[in-house]
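Enquirer:
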Amino acid sequence: MLPAATLRIARTYAQLDRLLDRIESGELEKPDWIRLESRCRLSAMPLPERKKRLARLHRCVLRGFRDVCPAPRTKDKRLELWQSIARCGFHDFSDFGWMKNYDSPWVENYDYVEPFKKGGLEALDPYKVYSAVLGTVDFGVRDFVSTKLCQNVRTIVEPMSGTAEFSYFGHFWYPDFRYMMIDLDQGAQKRVLAQRWLPQTSKDYIIGDVLSPAVWERVKAQSTGESLAYIGKQSHHYFDAHQLYDLMKLATDHVDFLMLETLQICLVSEMGDTEELSRPEQADAGFSCALVGEEGGDPNPLTHALSFRLEARAGKARRTLFNYHDWTSWGHSTLVAFADLLGLHSYYFHAAKEEFVPVSQWDDGADCEENVTFMLFSKRVLA
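Residues 324 to 706 in my numbering are what the sequence shown lists, from first letter to last.
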């Protein structure tokens, strides 16, 4: 189980400054979160003063801050506030609040909107937009290695890693782990390895095919402790049935646990033609994002095949950021059936219990029907 998060509250500028003074002096340990309330309004601060306090906040929190003060009334002022916070190292792509990478010493710029203001849709960075609207930041390495089943994991493997956010975000929590990433995209490898990683972290981005036994033999040879392989919700759906079956066998022959992020439990026929994903800062800036069904790619309820794209829009202008052609929404029951054929044990992540639970023990209190869930497969039996 995860430890309870620590929270400090500031209701005035003076309270905030005193709190930051105590943390900076070492009198108080960094809390996970600081909550701003009442008259402690970032939106009311002159920009230079706001930047200084945001810089201090970044140094003084482990995870971020929560701002419960009223938002500005006009879109220009809301966007200006959002951009000023995002440029100071915090993002709000999570339900938790304005977050940074755990105790990161580096200020990362999360403002993906400014390029649009300067150059329109063509100037948007597709990967940054994807992170804002489809990235999974509410769960990460810490959530899963804190479970009873995975508590001895020391190697994180990220097949089909792309920009490897699971590994990169996770290494701030566990810089002593080994991180191994696999993809065919050399551009993604260059992008990931150019990021700032903590110097003590062991990382290896392998250019290779995840269906190659040689890649998994290398993973096994380089692993330390128990190993957890994670594949995000968009990636494994590119495989046909034979490929997915082979992947599940290869992975579980070489790592202790294979985890697949899956969509919420639903019928593929319930997936609408267009799913709006727009965020408040996008609306304030003048563009939007949506998942749009491809012509002729309507969901097939018999095969779960469909085709769609992630699209950015501004007025009549359209830009496709990512295509998902010939995609199969692998149902949870199919994954469990493959696992049964392979002699694997199947589990799902129960977010409320913060533990993996055998699929035979379904709990109506689980959130798998409302949110993405995480299926885990292993030769290990939950003790």
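Even glycine gets a Cβ: it sits at the ideal position worked out from N, Cα and C.
Roughly how many angstroms lie between the CA atoms of R389 and L614, to the nearest whole one?
Expert: Distance between the alpha carbons of R389 and L614: 29 Å.
Enquirer: Just to confirm, are K353 and S407 a CB contact at a threshold of 8 Å?
Expert: No, these two residues do not count as a Cβ contact at 8 Å.
Enquirer: Helix, strand or coil for W356? Go by DSSP, reduced to three states.
Expert: In this structure, W356 counts as strand in the three-state DSSP scheme.
Enquirer: My output table needs one value for I529: the three-state DSSP class, helix, strand or coil.
Expert: Residue state, collapsed to three classes: strand.
Enquirer: Between V591 and L629, what straight-line distance do the alpha-carbon atoms span, to the nearest angstrom?
Expert: Between V591 and L629, the C-alpha separation is close to 9 Å.
Enquirer: Count the other CB atoms within 10 Å of the CB of A337; is the residue buried (16 or more) or exposed (fewer)?
Expert: Burial call: exposed.
Enquirer: Does DSSP classify E692 as helix, strand or coil?
Expert: E692 falls in the coil class under three-state DSSP.
Enquirer: For the region 560 to 575 and the region 593 to 612, state whether three or more C-beta atom pairs, one from each stretch, are separated by less than 8 Å.
Expert: These segments do not touch.
Enquirer: For a test of the three-state rule: what should DSSP assign to D466, helix, strand or coil?
Expert: The answer is helix: DSSP assigns D466 an H, G or I state.
Enquirer: If I measure Cβ to Cβ from E549 and keep anything under 8 Å in the same chain, skipping five residues before and after, which residues do I get?
Expert: Excluding residues within five positions, the ones whose Cβ falls inside 8 Å are C473, N475, V476, R477, T478, D579 and F580.
Enquirer: Going by C-alpha to C-alpha distance, which of L551, D434 and V468 sits closest to V452?
Expert: Checking every option, the nearest Cα to that of V452 belongs to D434.
Enquirer: Does the Cβ of S669 have 16 or more other Cβ atoms within 10 Å, making it buried, or fewer, making it exposed?
Expert: It counts as buried.
Enquirer: Between the region 413 to 424 and the region 381 to 388, do at least 3 Cβ pairs fall closer than 8 Å?
Expert: Touching, yes.
Enquirer: Do E692 and I588 have their beta-carbon atoms positioned less than 8 Å apart in this structure?
Expert: Yes, Cβ-Cβ distance for I588 and E692 is below 8 Å.
Enquirer: For P395, which option in L665, L365 and L534 has the closest C-alpha, if you only look at C-alpha atoms?
Expert: Looking at the Cα atoms, L365 is the closest of the given residues.
Enquirer: Let me know the secondary structure DSSP gives D418 once reduced to three states.
Expert: Coil, per DSSP.
Enquirer: Quick one, are the C-beta atoms of V659 and V682 less than 8 Å apart?
Expert: In this structure, V682 lies closer than 8 Å to V659 by Cβ.
Enquirer: Quick check on W685: does DSSP put it in helix, strand or coil?
Expert: Correct three-state label for W685: coil.
Enquirer: Could you tell me which whole beta strand (DSSP E) segments of length 3 or greater appear in the region 570 to 601?
Expert: As far as the region 570 to 601 is concerned, its whole beta strand (DSSP E) runs of at least 3 residues are 580 to 585 and 597 to 599.
Enquirer: Cα separation between C363 and D340?
Expert: Spanning the two alpha carbons is a distance of roughly 10 Å.
Enquirer: For the beta strand (DSSP E) containing T478, name the first residue and the last one.
Expert: Its beta strand (DSSP E) spans residues V476 to E481.
Enquirer: Please list the terminal residues of the continuous alpha helix (DSSP H) segment that includes D663.
Expert: Residues H655 to L664.
Enquirer: Just list the alpha helix (DSSP H) runs in the region 345 to 418, keeping only unbroken ones of 4 residues or longer that don't cross its boundaries, in chain order.
Expert: As far as the region 345 to 418 is concerned, its whole alpha helix (DSSP H) runs of at least 4 residues are 370 to 383 and 398 to 409.
Enquirer: Which residues bound the alpha helix (DSSP H) around R519?
Expert: Counting along the chain, R519 falls outside any alpha helix (DSSP H), and DSSP gives it neither H nor E.
Enquirer: What residue range is occupied by the uninterrupted beta strand (DSSP E) comprising W650?
Expert: Its beta strand (DSSP E) spans residues A640 to T651.
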